[in-house]
Amino acid sequence: MSFRIQKVNSLIKEQIAEILTRELNLKSGVFLTIVKVDTTKDLRYTRIFISVFPEGDRKYVLTALKNEKINIQKILHNKLHLKIMPKVIFKLDTTEAEADKIEKILRKIKKEDK
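Below, the structure written as structure tokens:
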């Protein structure tokens, strides 16, 4: 990944975090974390990986993000001065859930070996 893309990812992550804090009104007890930002080399798309706690509210958060996506995109465009403004795509980060599944499988295998 080029230095420029890393810099753009960092700027977008910082600005999106600020925008979501101000603009996205989530119900009490729901926490949203930006895990990773991945922008394509041509700066056309930015995938923003998020984690949601509690996990049962993932659908709720994705719906809220979908409803505010155009507004978030406009605010981001006004804050960042890029020639090409990447289209924002929100995705759930499932790394932690997948790691937990693998860990459970490994524990099960370890118990069976005893």
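Counting with this note's numbering, you get residues 248 to 361 for the letters of the sequence shown. All C-beta atoms, glycine included, are put in the ideal place defined by N, C-alpha and C. All of these numbers come straight from a predicted model, not from anything done at the bench.
- Your pair Val299 and Leu323 does not check out as a contact, with CB atoms roughly 20 Å apart and the cut at 8 Å.
- Below 8 Å, enough C-beta pairs join the stretch 279-292 and the stretch 324-344 to call them touching: three or more.
- Each residue's CA atom was taken as its position, placing Ile297 and Ile336 some 11 Å apart.
- Within the model, the alpha-carbon separation for Thr287 versus Ile263 is close to 17 Å.
- Between the stretch 347-357 and the stretch 300-312, the count of Cβ pairs shorter than 8 Å is below three; the stretches do not touch.
- Fully enclosed alpha helix (DSSP H) runs of no fewer than 4 residues occupy 305-326 of the stretch 287-349, in order along the chain.
- Its Cα nearest to that of Thr341, the residue Val282 stands out among Val282, Ile252 and Val277.
- Your pair Val277 and Ile295 does not check out as a contact, with CB atoms roughly 17 Å apart and the cut at 8 Å.
- Look at Val277 here: in three-state DSSP terms it is coil, with no helix or strand label.
- In this structure, Ala311 lies away from Leu339, with their beta-carbon atoms at least 8 Å apart.
- Only residues of its own chain outside the window of five on either side were considered, and among them Glu270 and Leu271 have a CB closer than 7 Å to the CB of Glu315, listed in chain order.
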